[in-house]
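Residue numbers (the numbering used here): 56 to 183.
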């Protein structure tokens, strides 16, 4: 299984799926989708290669009332989306980008050096 390059807290954009343009979707008789929307990653599921993104892939969930004071009703919750359907947003130009890794040498306080892997946006070359 490949390593997931998307981490919790990253700003990502949905790159595949239904269109997010409500006018186009209504003209075709569809609901507006999430393609093109951006959100923060709330949780990462490496076993299933999915991520939970804030405000993306919302589903209706029916909640039963309970005696502990929880009122029942219908609420909207985010559902996980496959990591291949999202791309990291480049911090420089706010467009989707691929993620790269490079090894940098960092000098420690005691004079020793250490090699560290750093994620960077391939579009602009800027560190993430």
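In this text, a Cβ means the ideal position worked out from N, Cα and C, and glycines have one as well.
{"Item": "Excluding the 5 residues preceding and the 5 following residue 140 in the sequence, name in chain order all residues of the same chain whose CB lies nearer than 8 Å to its CB.", "Value": "69, 70, 71, 72"}
{"Item": "Decide if residue 136 is buried, meaning its Cβ has at least 16 other Cβ atoms within 10 Å, or exposed.", "Value": "buried"}
{"Item": "Around the Cβ of residue 168, are there at least 16 other Cβ atoms within 10 angstroms (buried) or fewer (exposed)?", "Value": "exposed"}
{"Item": "Return the first residue and the last residue of the beta strand (DSSP E) that residue 98 is part of.", "Value": "93-100"}
{"Item": "Is residue 111 buried or exposed, if buried means 16 or more other CB atoms sit within 10 Å of its CB?", "Value": "buried"}
{"Item": "Leaving aside the five residues before and after residue 119 along the sequence, list all residues of the same chain whose C-beta is less than 8 Å from its C-beta, in chain order.", "Value": "127"}
{"Item": "Does the Cβ-Cβ distance between residue 106 and residue 144 come in under 9 Å?", "Value": "no"}
{"Item": "For residue 151, which of 176, 163, 138 has the nearest alpha-carbon?", "Value": "176"}
{"Item": "For residue 117, which residues from the same chain have a beta carbon less than 6 Å from its beta carbon, with the 5 sequence-adjacent residues on both sides left out?", "Value": "129"}
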